[in-house]
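Residues in the sequence shown are numbered from 28 upward in steps of one, following this note's numbering. Note that CB positions come from ideal geometry on N, CA and C, so glycine has one too. Since this is a predicted model, take the numbers as computed values, not measurements. Report on one structure; see the data block that follows.
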Amino acid sequence: MTAEDTAVEALEDARTATLDTASTIASALGDTATVVGLTLLACLALVLVPRLPRWREAVFLAVGVSLQSVIFVLITASVDRTRPDVERMDDSPPTSSYTSGHTGAATALYAGLAVLVLSRVRAPWRKPLAALLLLLPLLVGLARLYRGMHHPTDVAGGLANGALSLFVMGRAVLPGHSWVGRPPADAMDIAVAAAEEQPAPAQKKLTVIVNPTVTDEATQEQLRLVLAQHGYRDTPFVATTAEDTGGGQTAEALRAGTELIVVCGGDGTVRAVADTLAGTGVPLVLVPSGTGNLLARHLHLPLRPAEALAAGLTGEPRALDLGRIEGDGFPAVHFTAMAGAGLDATMLEETSDRAKSVLGWPAYVLAGAKGLRTPRMRLTVRLDGGPELRRTARMVLLANIGTVQAGAAPVPAAKPDDGLLDLAVFDPRGAGGWLRAAGVLLRAKRRGAGGPDTRHRDTGADVTGTGAGDGGPVEFHTFRRAELAFARPQSREIDGDPVGPGLRLTAEVRPGALTVMLPARER
């Protein structure tokens with residue numbers, strides 16, 4: 028490698044005090060402590076700063092840098108190459124000269140940040156910033172050559188190691204919307220042109236109701252592309268606000284003649300839109316973007332927004348039930364998933380928006396552990412005009428669907444198209460009671476998943492077989508109308524949104540009140 032030796036010797040001859048200082052700074056950008064510290068700070072910023080945590084981006088960067096380090100260790104252990112025979116300005120670590128660890132680490136970190144800037148930032152300064160970040164690994168590599176620590180091919184190997192580690196991680200954790208498969212700048216024009224060339228029936232007038240706090244600009248751009256690919260061009264995107272979470276925007280769209288509504292948001296946004304659409308027959312496309320997304324999960328819809336939108340636009344209309352609920356302190360509204368009182372409502376009240384954005388649905392579990400200290404409630408229940416049932420409970424759920432996050436099924440047999448709502452009364456006592464409750468839920472889930480429904484569909488009947496009011500940990504009923512009265516004010520929630528404490532809840536089913544576009548396979 029005579030040519031390499033000549034290059035390193037030429038750099039040694041060109042050393043000056045100014046270049047020495049500059050090379051010290053540049054080389055420090057690839058030090059282990061610098062790279063680890065900046066990677067940690069960048070990952071924390073990706074998780075904590077945006078409105079929606081950038082978990083994929085954080086994993087891409089952290090694992091990309093880590094993967095580069097693992098490959099570096101394996102290569103230096105396999106390739107025994109001595110360092111250049113010149114005066115070295117730094118202490119020589121006990122590793123092979125091949126590859127340059129500083130250069131590889133700098134490439135993984137700074138080039139990884141450049142990838143995220145180019146793919147996630149829309150500001151005009153993104154390209155100059157990305158160019159600066161991409162320049163840093165080259166400066167680190169040049170500094171290592173200048174300081175006599177590596178041969179040119181060592182630096183080239185470090186650049187390749189860092190770049191390939193990023194490529195692998197980009198393919199693994201940033202599928203479909205990453206720099207790896209980034210659509211061209213004229214992707215929208217291409218999609219529109221393709222849609223115009225294909226004969227298609229006249230499209231319905233469509234409006235997208237979007238919650239901007241959980242649906243960022245990049246996601247909205249993806250949705251516009253999907254709409255264009257299906258022939259929907261110049262579709263209005265109407266943002267919700269803190270004061271109007273979707274109902275007013277939906278009503279305005281209906282007055283303007285909209286024939287199809289797309290809702291992008293969490294359970295609260297879906298509930299507000301569904302409340303306005305109830306009984307209109309105007310179909311709804313669900314694009315889950317929040318923390319819970321209970322209705323979308325229960326319907327087995329894709330949880331990636333672009334995939335969910337494509338599935339809805341090509342789906343078929345299906346009539347689903349809604350629950351109509353009212354109580355002291357709030358007017359009558361509809362719910363799509365669940366309403367309740369007691370522990371679940373307290374849990375929702377105790378979970379901050381910041382905790383939800385950082386942790387996702389596990390934040391509810393942490394808040395629920397605190398709520399276990401609250402005393403159990405006393406209540407009376409009247410189902411479909413029948414006799415009053417007196418109960419004690421930790422919480423009660425009025426359910427249109429049975430499943431929640433992580434596959435849990437607190438009301439296993441509830442279905443959104445059976446013309447009924449379900450009531451679950453939870454009253455476990457001690458650790459043993461919670462274990463018995465878990466057993467009841469598992470058995471009920473198995474019955475609900477296969478074979479005929481074991482509940483009496485005409486009257487409110489216990490599905491657990493433990494008998495009404497015998498102290499069982501969980502008690503299930505079905506009903507068309509339920510009246511709940513509490514001995515003292517209880518925390519209450521509707522589709523994941525707290526509505527304040529109160530003394531009563533009255534709920535009734537509205538069969539087939541909401542039309543949702545679902546893939547044909549889900550029918």
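Comparing alpha-carbon positions, which option in L424, E353, V92, F503 lies nearest A190? For the purposes of this step, residue 190 is taken as the residue at position 163 of the sequence shown. Ranking L424, E353, V92, F503 by Cα distance to A190 puts V92 first.
Give the single residue among M176, G317, P538, P151 whose Cα lies nearest to the Cα of A346. By one-based count along the sequence shown, residue 346 stands at place 319. Closest by alpha carbon: P538.
8 Å contact criterion, which T272 and G295 should meet: CB distance rounded: Sequence index remark: in the sequence shown, residue 272 carries index 245 (1-based). Sequence index remark: in the sequence shown, residue 295 carries index 268 (1-based). Contact holds; Cβ gap of about 6 Å.
From P164 to L336, what distance separates their C-alpha atoms? Here residue 164 refers to the residue found at position 137 of the sequence shown. Here residue 336 refers to the residue found at position 309 of the sequence shown. Taking the straight line from one Cα to the other gives about 40 Å.
Quick one: what does DSSP say T373 is sitting in, helix, strand or coil? For the purposes of this step, residue 373 is taken as residue 346 along the sequence shown, with counting starting at 1. Residue state, collapsed to three classes: helix.
Residues that D524 bridges to, as DSSP identifies them: Residue 524 sits at position 497 when you count from the first residue of the sequence shown. Answer is I521, bridged to D524.
Starting from L88, trace the alpha helix (DSSP H) both ways and give me its first and last residue. One-based indexing of the sequence shown puts residue 88 at position 61. 82–105 is the extent of the alpha helix (DSSP H) around L88.
Would you list the one or two residues that DSSP bridges to V501? The count along the sequence shown starts at 1 and reaches residue 501 at position 474. DSSP, once it has assigned bridges, lists F453 as partnering V501.
Consult DSSP for G354 and reduce its assignment to one of helix, strand or coil. For the purposes of this step, residue 354 is taken as residue 327 along the sequence shown, with counting starting at 1. If DSSP states are grouped into helix, strand and coil, G354 belongs with the strands.
Examine the Cβ distances between the stretch 144–155 and the stretch 37–54 and report whether three or more of them are shorter than 8 Å. no
Measuring only the C-alpha atoms, how far is T491 from R298? By 1-based counting over the sequence shown, the position of residue 491 is 464. By 1-based counting over the sequence shown, the position of residue 298 is 271. Per-residue confidence for T491 stands at a pLDDT of 43, beneath the threshold of 50, marking its modelled position as unreliable; no derived number is given.
For the beta strand (DSSP E) that contains M116, what are its first and last residues? As a position in the sequence shown, residue 116 is number 89, starting the count at 1. Where M116 is concerned, there is no enclosing beta strand (DSSP E), given that its DSSP letter is neither H nor E.
Inter-stretch contact at 8 Å, needing at least 3 Cβ pairs: the stretch 71–88 / the stretch 170–183: no
Assigned secondary structure, M544 (DSSP; H/G/I helix, E/B strand, else coil): Mapped onto the sequence shown, residue 544 falls at position 517. Strand.
Within a Cβ cutoff of 6 Å, which residues of the same chain sit near L143, ignoring the five residues on either side of it in sequence? Numbered from its first residue, the sequence shown carries residue 143 at position 116. Within the same chain, L143 has close Cβ partners E84.
Check whether the stretch 496–510 touches the stretch 313–321, taking contact to mean three or more Cβ pairs, one atom from each stretch, closer than 8 Å. no
For P516, which of helix, strand or coil comes out of DSSP? Position 489 of the sequence shown, counted from the first residue, corresponds to residue 516. Three-state result, P516: strand.
Suppose the cutoff is 6 Å on Cβ atoms and the five residues either side in sequence are ignored; what does the same chain contact list for F87 look like? One-based indexing of the sequence shown puts residue 87 at position 60. The answer, listed in chain order, is M196, V200, L201.
Which same chain residues, not among the five before or five after L193, have their C-beta less than 7 Å away from its C-beta? The residue you call residue 193 lines up with position 166 of the sequence shown. Excluding positions up to five away in sequence, the list reads G91, A135, A138, G139, V142.
Report the CB separation of A540 from G342 in whole angstroms; it is logged as a contact under 8 Å. Mapped onto the sequence shown, residue 540 falls at position 513. Mapped onto the sequence shown, residue 342 falls at position 315. Wrong, their Cβ atoms sit about 19 Å apart, outside the cutoff.
Do the CB positions of V62 and G350 come within less than 9 Å of each other? Here residue 62 refers to the residue found at position 35 when the sequence shown is read from its first residue. Here residue 350 refers to the residue found at position 323 when the sequence shown is read from its first residue. Going by C-beta atoms, V62 is not nearer than 9 Å to G350.
Using C-beta distances below 7 Å, list every residue in its chain close to S119, excluding the 5 sequence neighbours before and after it, in chain order. Taking the first residue of the sequence shown as position 1, residue 119 is located at position 92. Only R110 meet the Cβ criterion.
Helix, strand or coil at M196 [DSSP, three-state]: As a first step, residue 196 must be located in the sequence shown, where it is residue number 169. Three-state result, M196: helix.
Confirm, please, whether the CB-CB distance from H325 to A364 is below 9 Å. The sequence position of residue 364 within the sequence shown is 337, counting from 1. The sequence position of residue 325 within the sequence shown is 298, counting from 1. Contact: yes.
By DSSP's criteria, T533 is part of a beta bridge. Which residues make up the other side? Within the sequence shown, the letter at position 506 stands for residue 533. DSSP output for T533 lists E353, E510 as bridge partner(s).
Which residue comes first and which comes last in the beta strand (DSSP E) that contains A266? Along the sequence shown, one-based indexing puts residue 266 at 239. Its beta strand (DSSP E) spans residues 264–266.
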